[in-house]
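One structure is given below, encoded as structure tokens.
Numbering (the working numbering), first residue to last: 360 to 1272.
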């Protein structure tokens, strides 16, 4: 099947540069039969690295070999010639291919896996030079992997498809549909966002891969967005994404004749869903994954957090891209992989549904009080395997015996948890509902899996030996025959070793030769001479060994092969029957998996709350924001490791029908940024349904969260530090509502003093008068504190410090008031600036402060008109200037000396009024 080229560019510098030979442009003329086959298959998969199965290896040739050798750090060699040039080649063992695949996928590559689809014996019937038939059986891409060894257990593997429809006559009037599909678990969600919120929506899903139409990909207005997204972006042909085709694909996937049973979806959402399913069809080559029916997320259902705010607050990843040090890392007490993924999902999209938030809080509160039950739940959950991913692999035909065992053990854990919940009184609504969901699967399935599966299970079904002894008399009988034959093999090896005098003689087996006798090179030479030739038949010469067979060994192999093949076929039939029985209850099993994850998250929140003395927040539909004894969850966790205490602080941004602004001043390193961030994180934690690090918290529902903290440039986009700051600030001022929470740090510090002061002042006015939101505004422009007396909803706060013998001690305590200075020199001294620089800076500072005191006529902020930018005053007629009038009456050329003297007196009198 022809695959369209994709813009799936690795972000790590491993992309190919100038390659000499590409199979995509090579002619099969003059090529060997095998190489001609390779070239034909590669030409149909130009956007992928081709893993071409040859025996026990996946080989790569031409340009693919050069890319893979660099990316994987493996040896690049050559195999024959084509067109007079050497053919580059490298390869990876089939048994270890998952390890290499994971590294290539992490670098953003796509891999086409080409397997043998014909028995070599059948190929020989067509002629001695016939090549075994091979086909691409799967395309492995970052967003469509299912193998445990390729996946991060604690992270969803989201494939995000994007569609759009026009909403007006303008070129930019579009609404975008998003289909977030995790093929590894079957989750399938749809949503719709306006163009202005597309980047935020993508950041929330944190996709591993994005697919969209060529039209969207080629839109100049979105070109920068696609360049900046870390995930590979794959365009699909617009002709294949027609609305009617999208609807047909969805109906075919779920076997329905109408979509009405799933709810009402917009055209953009259906387009995105169709694109996702088309891509799944192409990459899975006919295999159909087990997906949950699509669910629609209504607009405004989650707290809106833009990409820069997510990065600034380090919700799931730090600024360096690591999980360690993020809020997620600090609060994750889950004991299962599915629970960890759900917690990350909650953190990426906090709720705005007040009832749902309060139900989650009630569940956590109950679990906090029920310490014994909570411990029991967590012990059972810790033993539960990843049900969702095991089910997905079975649905795709990639599952193995261990996936069936995962279903057995996971469903058994669910039954145990359901029984515990049923025995408890006073369950909150969420936990009672989870108990009902945990009982959905037929208990007979668990019993059947337990009876059929052995205790020690192989990874692959083709390895055999996974059916429990006693489950099938026919399988047991066949196994006995194979096991007895193997004992004969061991006896034959011992006899041959004695006859040759070679203690290292071994009888081995591989898929190419079958059973063979292997001896060192020196012994092998002897086997080719004399009477030994009558027993040993030469098969293969290696670098330091030789391989033989014998008539006796060949007969024995036939007996073993027949018994083993028959046993494997019987076991395979059992596997198919068990898989079919499980997949018949796929929807119920998926629901159980979700319930296990939800219970794990609730228990995690409770365990954390008890351990760290976190409290249940009160969340309502007002505009309040009152926190007492608030703490930063990540910083507090880091300090606990060293035994240091965290200084808790209060914050009140409550207002009647609107929010308040708190203007925070204080020294560098005093803790302003920590104070700002901790209150934003408390709001996030409250709305995901967790308890919060505070003595108490009463919060009005937040609809949008904005953060402008820290300074960083973006040279790749041609944006300076100050430009980035202004772009982010503009987004806040244009989008914040009365229900929003805004934290701003050091606005205006990236430019000249008066420019920055003016911008910070105007932003404060806008937040106060237009946005009317709850906001924390940290600044070193101490002049702004005067606004506390003139803006009715603005309060001043500062960070306390203590000085001792020229040194400063940061107390990290937020108190009402204003700071008189920023202690920049003291911080510079702590940072290790040379003493001479510190001394010189101190002298310059004294001179600057003296100059400032000596200029009392400099306008102060008190003298500046408020809200000039918000409401421009009418132009007033200038008052008459007496001095100018006297000057206008004087004609210097007509004055006598006496008249000139009198004119001077008149001018002096006019000046004095």
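Even for Gly, the Cβ is constructed at its ideal location relative to N, Cα and C.
The region 928–937 contacting the region 903–917, beta-carbon criterion three pairs below 8 angstroms: no
Buried versus exposed call for residue 448 [16 or more other C-beta atoms within 10 Å across all chains shown]: Counting from one through the chain shown, the residue named residue 448 turns up at place 89. Per the 10 Å Cβ criterion, buried.
Terminal residues of the beta strand (DSSP E) in which residue 561 lies: Here residue 561 is taken as the residue at index 202 of the chain shown, counted from 1. Counting along the chain, residue 561 falls outside any beta strand (DSSP E), though it belongs to the alpha helix (DSSP H) covering 557–564.
Residue 972 - containing alpha helix (DSSP H), residue span: Here residue 972 refers to the residue found at position 613 when the chain shown is read from its first residue. That residue, residue 972, is in no alpha helix (DSSP H); it is neither H nor E in DSSP.
Rounded straight-line distance, which links the Cα of residue 558 to that of residue 1173: For the purposes of this step, residue 1173 is taken as the residue at position 814 of the chain shown. For the purposes of this step, residue 558 is taken as the residue at position 199 of the chain shown. Computed Cα separation, rounded: 35 angstroms.
Collapsed DSSP secondary structure at residue 1218 in the structure displayed: The residue given as residue 1218 occupies position 859 in the chain shown. Residue placement at residue 1218 cannot be trusted, given a pLDDT of 49 that sits under 50; what the coordinates show is reported in the next sentence. Three-state result, residue 1218: coil.
Run of the alpha helix (DSSP H) containing residue 820, from where it starts to where it stops: Position 461 of the chain shown, counted from the start, is the residue given in the question as residue 820. It is not in any alpha helix (DSSP H) - residue 820 carries neither H nor E in the DSSP assignment.
Within 8 angstroms, strictly: CB atoms of residue 501 and residue 696: On the chain shown, position 142 is the one that residue 501 refers to. On the chain shown, position 337 is the one that residue 696 refers to. Against a cut-off of 8 angstroms, the Cβ pair of residue 696 and residue 501 comes out as no contact.
Distance CB(residue 662)-CB(residue 612) smaller than 8 angstroms: One-based indexing of the chain shown puts residue 662 at position 303. One-based indexing of the chain shown puts residue 612 at position 253. Not a contact, by the Cβ cut-off of 8 angstroms.
Counterpart residues of residue 1162 in DSSP-defined beta bridges: Stepping through the chain shown from its first residue, residue 1162 is reached at position 803. Partner(s): 1167.
Proximity below 8 angstroms, CB of residue 605 to CB of residue 571: Taking the chain shown and counting its residues from 1, the one referred to as residue 605 is at position 246. Taking the chain shown and counting its residues from 1, the one referred to as residue 571 is at position 212. Taking 8 angstroms as the Cβ cut-off, residue 605 and residue 571 do not qualify as a contacting pair.
Residue 899 (DSSP reduced to helix, strand or coil): By 1-based counting over the chain shown, the position of residue 899 is 540. DSSP places residue 899 in strand when its eight states are reduced to three.
Alpha carbon of residue 775 to alpha carbon of residue 1051, nearest angstrom: Sequence index remark: in the chain shown, residue 775 carries index 416 (1-based). Sequence index remark: in the chain shown, residue 1051 carries index 692 (1-based). Rounded to whole angstroms, residue 775 to residue 1051 spans 31 angstroms at the Cα level.
Bounding residues of the alpha helix (DSSP H) (the contiguous stretch that carries residue 551): For the purposes of this step, residue 551 is taken as the residue at position 192 of the chain shown. Segment 546–553 is the beta strand (DSSP E) holding residue 551; no alpha helix (DSSP H) there.
C-alpha distance - residue 390 paired with residue 479, whole-angstrom precision: The residue given as residue 390 occupies position 31 in the chain shown. The residue given as residue 479 occupies position 120 in the chain shown. Computed Cα separation, rounded: 21 angstroms.
Exposed unless 16 or more other CB atoms sit within 10 angstroms - verdict on residue 1113: As a working note, residue 1113 is residue 754 in the chain shown. The residue is exposed, with fewer than 16 neighbouring Cβ atoms inside 10 Å.
Segment contact flag, the region 1088–1107 with the region 1058–1069, C-beta cutoff 8 angstroms, min 3 pairs: yes
Cβ separation of residue 452 and residue 420, assumed to be a contact under 8 angstroms, to the nearest whole Å: For the purposes of this step, residue 452 is taken as residue 93 along the chain shown, with counting starting at 1. For the purposes of this step, residue 420 is taken as residue 61 along the chain shown, with counting starting at 1. Wrong, their Cβ atoms sit about 17 angstroms apart, outside the cutoff.
Contact between the region 733–750 and the region 1003–1017 (3+ Cβ pairs under 8 angstroms): no
Under 8 angstroms between C-beta atoms of residue 1053 and residue 1041: Within the chain shown, the letter at position 694 stands for residue 1053. Within the chain shown, the letter at position 682 stands for residue 1041. Going by C-beta atoms, residue 1053 is nearer than 8 angstroms to residue 1041.
Residue 1046 classed as buried or exposed, judged by whether at least 16 other C-beta atoms fall within 10 angstroms: Residue numbering aside, residue 1046 sits at position 687 when the chain shown is read from its first letter. Residue 1046 comes out buried.
Secondary structure of residue 401, DSSP reduced to three states: Along the chain shown, read from residue 1 onward, the residue named residue 401 stands at position 42. Helix, per DSSP.
Any beta strand (DSSP E) of 3 or more consecutive residues that is wholly inside the region 1035–1059: 1055–1059
Residue 1011, enclosing beta strand (DSSP E) - first and last residue: Here residue 1011 is taken as the residue at index 652 of the chain shown, counted from 1. Looking at the DSSP string, the run of the beta strand (DSSP E) that includes residue 1011 is 1008–1011.
Residue 459 versus 506, 437, 485, 583, residue with shortest Cα-Cα distance: Here residue 459 refers to the residue found at position 100 of the chain shown. Of the listed residues, the one whose Cα sits closest to residue 459 is 506.
Span of the alpha helix (DSSP H) around residue 1259: Residue mapping note: residue 1259 aligns to position 900 of the chain shown, counting from 1. Residue 1259 -> alpha helix (DSSP H) spans 1256–1270.
Simplified DSSP state of residue 741, which is helix, strand or coil: The residue given as residue 741 occupies position 382 in the chain shown. Note: residue 741 maps to helix in three-state DSSP.
Presumed contact (8 angstroms Cβ cut-off) between residue 761 and residue 818, rounded CB distance: As a working note, residue 761 is residue 402 in the chain shown. As a working note, residue 818 is residue 459 in the chain shown. The pair is a contact, with the Cβ atoms about 6 angstroms apart (cut-off 8 angstroms).
Reference residue 1171, options 964, 1029, 1152, closest by Cα: Sequence index remark: in the chain shown, residue 1171 carries index 812 (1-based). Closest option to residue 1171, Cα to Cα, is 1029.
Short Cβ contact (8 angstroms threshold) for residue 1143 with residue 1178: Residue mapping note: residue 1143 aligns to position 784 of the chain shown, counting from 1. Residue mapping note: residue 1178 aligns to position 819 of the chain shown, counting from 1. No, the Cβ-Cβ distance between residue 1143 and residue 1178 is not below 8 angstroms.
Endpoints, beta strand (DSSP E) assigned at residue 412: Stepping through the chain shown from its first residue, residue 412 is reached at position 53. Its beta strand (DSSP E) spans residues 408–413.
Where the alpha helix (DSSP H) through residue 837 begins and ends: Residue 837 sits at position 478 when you count from the first residue of the chain shown. Per DSSP, residue 837 belongs to the alpha helix (DSSP H) from 832–859.
For residue 769 and residue 963, the rounded distance between their alpha carbons: Counting from one through the chain shown, the residue named residue 963 turns up at place 604. Counting from one through the chain shown, the residue named residue 769 turns up at place 410. Distance between the alpha carbons of residue 963 and residue 769: 19 angstroms.
Beta strand (DSSP E) segment containing residue 522, residue limits: Sequence index remark: in the chain shown, residue 522 carries index 163 (1-based). First-last of the beta strand (DSSP E) with residue 522: 518–525.
Residue 483, enclosing alpha helix (DSSP H) - first and last residue: Locating residue 483 in the chain shown gives position 124, counting from the first residue. Taken as a continuous stretch (DSSP letters only), the alpha helix (DSSP H) holding residue 483 covers 479–484.
Buried/exposed call for residue 648, threshold 16 Cβ in 10 Å: Counted from its first residue, the chain shown places residue 648 at position 289. Buried.
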